[in-house]
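The listed protein sequences derive, respectively, from chains A and B.
When we follow the working numbering, the leftmost residue of the first sequence carries the number 478, and every step to the right adds one.
When we follow the working numbering, the leftmost residue of the second sequence carries the number 366, and every step to the right adds one.
Just below is one structure, and these are the notes that go with it.
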Amino acid sequence: MKAPRVSKTKPAPHRTAPRKYDLRLYVAGQTPRSLQALSNLKRICEEHLAGNYRVEIIDLLEKPQLAAGDQILAIPTLVRAIPRPARKIIGDLSNTERVLVGLDVRPAQRTQ
Amino acid sequence: MPNAQVLPKSPTGIAGLDEITFGGLPAGRPTLVCGGAGCGKTLFGIEFLVHGALEFNEPGVCISFEETARDLAVNVASLGFDLEKLQKSKKLVIDHIYIDRSEIAETGEYDLEGLFIRLASAIDAIGAKRVLLDTPEALFGGLSNAGVLRSEFRRLFAWLKNKGVTAVITGERGERTLTRHGLEEYVSDCVILLDHRVQNDAVTRRLRVLKYRGSTHGTSEYPFLIDEKGISVLPVTSLALSHVAPLERISSGIAELDQMFGGQGYYRGSSILVTGTAGTGKTSVGSQFLDAACRRGERAIFFAFEESPGQIVRNMRSIGIDLGRWVKKGLLHIESARPSAFGLEMHLVRMHHLLAEHDPQVVVLDPISALAPGGSQHDISSLVLRTVDFLKSRGATGLFTHLSDLDDLQSTSLSISSLVDTWILLRNVEVNGERNRVLYVLKSRGMAHSNQIREFLLTDRGVKLRDVYVGPGGVLTGSARLAREAEVQRDESARQRAAKQRELAARSSLQSLDAKIAALQAERESCHAELAQTAEDDAALQEITRNDRAQMQRSRGVVVDVKEQRPNGRKL
Chain A
478 MKAPRVSKTK PAPHRTAPRK YDLRLYVAGQ TPRSLQALSN LKRICEEHLA
528 GNYRVEIIDL LEKPQLAAGD QILAIPTLVR AIPRPARKII GDLSNTERVL
578 VGLDVRPAQR TQ
Chain B
366 MPNAQVLPKS PTGIAGLDEI TFGGLPAGRP TLVCGGAGCG KTLFGIEFLV
416 HGALEFNEPG VCISFEETAR DLAVNVASLG FDLEKLQKSK KLVIDHIYID
466 RSEIAETGEY DLEGLFIRLA SAIDAIGAKR VLLDTPEALF GGLSNAGVLR
516 SEFRRLFAWL KNKGVTAVIT GERGERTLTR HGLEEYVSDC VILLDHRVQN
566 DAVTRRLRVL KYRGSTHGTS EYPFLIDEKG ISVLPVTSLA LSHVAPLERI
616 SSGIAELDQM FGGQGYYRGS SILVTGTAGT GKTSVGSQFL DAACRRGERA
666 IFFAFEESPG QIVRNMRSIG IDLGRWVKKG LLHIESARPS AFGLEMHLVR
716 MHHLLAEHDP QVVVLDPISA LAPGGSQHDI SSLVLRTVDF LKSRGATGLF
766 THLSDLDDLQ STSLSISSLV DTWILLRNVE VNGERNRVLY VLKSRGMAHS
816 NQIREFLLTD RGVKLRDVYV GPGGVLTGSA RLAREAEVQR DESARQRAAK
866 QRELAARSSL QSLDAKIAAL QAERESCHAE LAQTAEDDAA LQEITRNDRA
916 QMQRSRGVVV DVKEQRPNGR KL
């Protein structure tokens with residue numbers, strides 16, 4: 478699968494640490510749902526992946542050609558490009574637990 | 366055409382479909398094409414796009430939810446569609462959308478804006494006028510929030526309409542609904558149903574326009590076929606009975622049969638049905654017709670459903686018809702196919718393709734009854750109807766043979782006879798321990814035709830017809846006819862002999878009369894002679910007597926006046 482590398486890049490808070498998670502958030506314009514997803518994502522990353530991630534925000538209204546590469550259908554979609562295999566989480570990321578399970582940060586059966 | 370101006374239509378380019386829908390799918394609106402697995406939905410959509418791109422200058426977008434662009438291209442390559450070339454020349458965009466449930470988690474609200482964006486960018490990239498969404502319902506398998514999907518589909522179709530593209534959306538047939546997830550609720554402008562069912566081990570595909578808002582359309586189920594040329598839909602009936610009716614007559618190839626049709630044979634462009642029981646010579650009648658056509662230098666096709674080309678040529682040679690030379694010349698094409706080889710529709714479409722290719726003036730189908738095993742009269746009549754219409758529209762003359770038993774005849778007459786122009790019946794007559802063929806013309810539209818039953822002979826110089834004798838026990842054929850012929854001949858020679866005898870008798874009596882006349886004549890002449898002699902003798906005697914008396918008187922010395930004494934002298 479082709480990994481698009483160009484778009485708005487939000488630099489990770491701790492650049493020196495090795496990035497383990499490479500995430501892309503696909504949105505379509507500044508809709509309330511997109512903003513909601515973005516803020517949820519920021520919060521989860523800060524809380525659970527501090528210094529360990531990089532996030533790309535891709536606005537498909539600006540770059541519609543990027544939708545096909547990651548098979549984006551639903552908006553918003555969060556793609557975990559690295560580590561492989563790729564995973565996708567669709568929706569506004571309002572359920573933190575599910576997002577963590579989806580990102581494979583936390584196994585589904587165990588709690589923190 | 367009704368409504369042609371009211372509702373703009375987008376021709377599909379699919380053979381036959383544009384006729385049924387009077388021009389194509391509703392332009393700028395979505396059409397739902399639904400049917401079970403393998404019914405040809407995807408092909409329908411791809412054809413719609415490809416014809417649009419190639420023939421109507423309408424580029425198209427295919428959003429495939431099931432197959433990848435590569436798979437699609439490979440699948441339709443056999444039909445001669447080069448999707449990759451179309452993509453390169455910016456006439457087609459294929460986007461494959463799939464969702465793998467295992468790699469997707471859902472949390473919170475979402476919509477399908479991504480799909481809209483992809484579709485819009487594909488449409489805008491090439492200025493597409495046509496869109497195919499190949500089974501978008503597949504998304505129900507990838508996403509669990511059916512409520513979102515439904516509302517998004519509703520939005521999608523409205524969006525497509527707004528965009529002004531003509532869309533084809535395919536849907537898998539559901540158990541009780543047209544599509545599994547009830548897409549028909551949202552796409553309500555035009556719904557086309559594809560179906561295939563197995564009948565007598567052969568698959569028949571059918572297409573039905575279930576709904577077409579704002580337009581008239583053919584409502585029947587139309588058989589269609591997928592072959593190497595793509596989809597062909599066959600309208601059951603020609604939409605208008607507007608064939609031209611040529612006045613030209615063509616020979617049936619059997620001189621005596623031509624005589625039965627006023628000496629001129631069939632009308633060109635008419636349809637002829639030859640019905641008969643087994644072994645009555647139907648194929649021979651057809652072959653004579655083909656032979657006659659080829660002799661005139663016309664092209665002909667023989668569709669045989671029971672015999673191979675080689676077998677037909679051999680068998681017809683046995684009655685003196687050499688079809689082989691016409692095949693060699695390229696005038697005659699013999700197409701043999703087992704009826705069970707494909708479904709009825711496949712046969713029909715193959716016929717249509719061959720007819721279009723070979724463009725014959727004369728076509729023989731032998732026998733059409735073989736095409737509908739089990740003999741559903743409806744099937745046969747629908748088959749005949751379609752073929753008749755097709756042939757007539759091409760101006761070709763068609764001869765169909767039909768195998769039936771006598772009990773069948775009535776039902777045949779009900780279902781087929783009204784479709785054909787000329788109906789010839791062949792029958793076996795069993796009498797006096799032998800079986801003979803007879804032929805008669807049941808009907809022949811628009812021409813005087815004989816009401817006679819003729820005996821039908823297969824000779825080594827082709828088919829010959831004989832007058833049959835009508836005896837006290839009905840028509841006489843075969844030996845009975847020969848016996849009757851011999852009897853007539855006997856009677857004739859007896860009559861001739863009697864006449865001869867009478868003539869002889871008359872001649873001889875005439876001769877004897879002549880002889881009698883001659884004898885009487887001779888007798889008469891002898892009588893005349895006698896009379897003359899008598900008078901002479903008498904005169905001589907008188908002279909002598911007078912001389913004697915004078916001498917005597919002289920000697921006695923008496924002078925007598927001779928004159929006075931003369932009367933008395935006679936008494937002496």
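For every residue, glycine included, the Cβ atom is placed at its ideal position computed from N, Cα and C.
Tell me which same chain residues have a C-beta within less than 6 Å of the C-beta of V483(A), skipping the five on either side of it?
-> At V483(A) the pLDDT is 48, less than 50, meaning the model places this residue with poor confidence and gives no usable figure here.
Give the secondary structure of A563(A) by DSSP, where H, G and I count as helix, E and B as strand, and everything else as coil.
-> Of the three classes helix, strand and coil, the one that applies to A563(A) here is coil, per DSSP.
Evaluate the contact criterion for the segment 509–517 of chain B versus the segment 576–584 of chain A: three or more CB pairs, one atom per stretch, below 8 Å.
-> Under the three-pair Cβ rule at 8 Å, the segment 509–517 of chain B does not count as touching the segment 576–584 of chain A.
Grab me the residues of F413(B)'s own chain with a C-beta within less than 6 Å of its C-beta, minus the 5 sequence neighbours each way, in chain order.
-> Exclusion of the five residues before and after F413(B) leaves T377 and V533 as the residues of its chain whose Cβ lies within less than 6 Å of its Cβ.
Candidates E471(B), E540(B), I385(B) and F654(B): closest to R571(B) by CA position | Checking every option, the nearest Cα to that of R571(B) belongs to I385(B).
Scan the segment 510–528 of chain A for residues whose Cβ lies nearer than 7 Å to a Cβ of chain B and list them as they occur along the chain.
-> Those residues of the segment 510–528 of chain A that come within reach of chain B (Cβ to Cβ, closer than 7 Å) are R510.
Where does L720(B) fall in DSSP's three states?
-> L720(B) falls in the helix class under three-state DSSP.
Buried versus exposed call for L555(A) [16 or more other C-beta atoms within 10 Å across all chains shown] = Flag for L555(A) reads buried.
Through-space distance from N422(B) to P373(B), alpha-carbon basis | Between P373(B) and N422(B), the alpha-carbon positions lie close to 16 Å from each other.
Does DSSP put E820(B) in a helix, a strand or coil?
-> Strand.
Residues of its chain near S673(B), where Cβ-Cβ distance is below 7 Å and the 5 sequence neighbours each way are ignored = Cβ neighbours of S673(B) beyond the five flanking positions: S701.
By the 10 Å Cβ neighbour count, where 16 or more other Cβ atoms means buried, how is L612(B) classified, buried or exposed?
-> L612(B) counts as exposed, since fewer than 16 other C-beta atoms from the protein chains shown sit within 10 angstroms of its C-beta.
Pairing CB atoms from the segment 471–487 of chain B with CB atoms from the segment 434–454 of chain B, are three or more of them under 8 Å?
-> These segments do not touch.
How many Å lie between V803(B) and R819(B) at the Cα?
-> When rounded, the distance between both Cα atoms is 6 Å.
Mind listing, in chain order, the continuous alpha helix (DSSP H) runs of no fewer than 4 residues lying wholly within the segment 480–527 of chain B?
-> Runs of alpha helix (DSSP H) with 4 or more residues, each lying fully within the segment 480–527 of chain B, are found at 504–507, listed in chain order.
Simplified DSSP assignment, three categories, for C522(A) = Looking at C522(A) - three-state DSSP - the assignment turns out to be helix.
How is T396(B) classed by DSSP in three states: helix, strand or coil?
-> Three-state result, T396(B): strand.
Indicate, with yes or no, if the ligand GTP has a heavy atom lying under 6 Å from the CB of K455(B).
-> The model on display carries no ligand, and the ligand GTP is accordingly not part of it.
From this set, P509(A), D547(A), Y498(A) and P541(A), which residue's C-alpha is nearest Y530(A)'s C-alpha?
-> Across the set P509(A), D547(A), Y498(A) and P541(A), the C-alpha of Y498(A) shows the shortest separation from the C-alpha of Y530(A).
Got a sec: which bits of the segment 375–407 of chain B sit with their beta carbon under 7 Å from any beta carbon on chain A, in order along the chain?
-> Answer set for the segment 375–407 of chain B: empty.
Quick one, are the C-beta atoms of L784(B) and V749(B) less than 7 Å apart?
-> Cβ atoms of L784(B) and V749(B): closer than 7 Å.
7 Å Cβ cut-off: residues of chain B touching G568(A) = Neighbours of G568(A) on chain B, chain order: E471, T472, G473, E474 and Y475.
With 7 Å set as the bound, which would you pick, yes or no: does the beta-carbon of P373(B) sit closer than that to a beta-carbon of chain A?
-> Answer no: the Cβ-Cβ gap between P373(B) and chain A never drops below 7 Å.
Proximal residues to H718(B) (C-beta, below 6 Å), its chain only, five neighbours per side dropped | Excluding positions up to five away in sequence, the list is empty.
As assigned by DSSP and simplified to three states, the class of S454(B) = Collapsing the DSSP output to three states places S454(B) in coil.
Three-way DSSP call (helix, strand, coil) for T581(B) in this model | Looking at T581(B) - three-state DSSP - the assignment turns out to be coil, as it is neither helix nor strand.
Taking a Cβ distance cut-off of 8 Å, strictly less, list which residues of the segment 537–550 of chain A are near chain B, in chain order.
-> Residues of the segment 537–550 of chain A with a C-beta less than 8 Å from any C-beta of chain B: L537, L538, P541, Q542, A544, A545, Q548, I549 and L550, listed in chain order.
CB S652(B) to CB M625(B), shorter than 7 Å?
-> At least 7 Å separates the beta-carbon of S652(B) from that of M625(B).
Inter-stretch contact at 8 Å, needing at least 3 Cβ pairs: the segment 458–469 of chain B / the segment 534–543 of chain B | By the Cβ criterion, the segment 458–469 of chain B is not in contact with the segment 534–543 of chain B, since fewer than three pairs of Cβ atoms, one from each stretch, lie closer than 8 Å.
Tell me which same chain residues have a C-beta within less than 6 Å of the C-beta of R792(B), skipping the five on either side of it?
-> Contacts found: V803.
Between L497(B) and chain A, is there a C-beta pair that is closer than 7 Å?
-> No, because no Cβ of chain A sits closer than 7 Å to the Cβ of L497(B).
Proximal residues of chain A, C-beta to C-beta of E478(B) below 7 Å = Those within 7 Å of E478(B) in chain A are A505 and I552.
Contact residues within the segment 446–470 of chain B, judged by C-beta distance below 9 Å to chain A = Listed by position, the residues of the segment 446–470 of chain B near chain A (Cβ gap below 9 Å) are D460, H461, I462, Y463, I464, D465, E468, I469 and A470.
R519(B) at chain A interface by Cβ criterion, 7 Å | Not one chain A Cβ lies under 7 Å of R519(B).
What in chain A is Cβ-close to A951(B), meaning under 9 Å?
-> The question about residue 951(B) has no answer, for chain B in this structure spans 366 to 937.
Can you give, in chain order, each stretch of the beta strand (DSSP E) that sits fully within the segment 638–693 of chain B and has at least 3 residues?
-> As far as the segment 638–693 of chain B is concerned, its whole beta strand (DSSP E) runs of at least 3 residues are 665–669.
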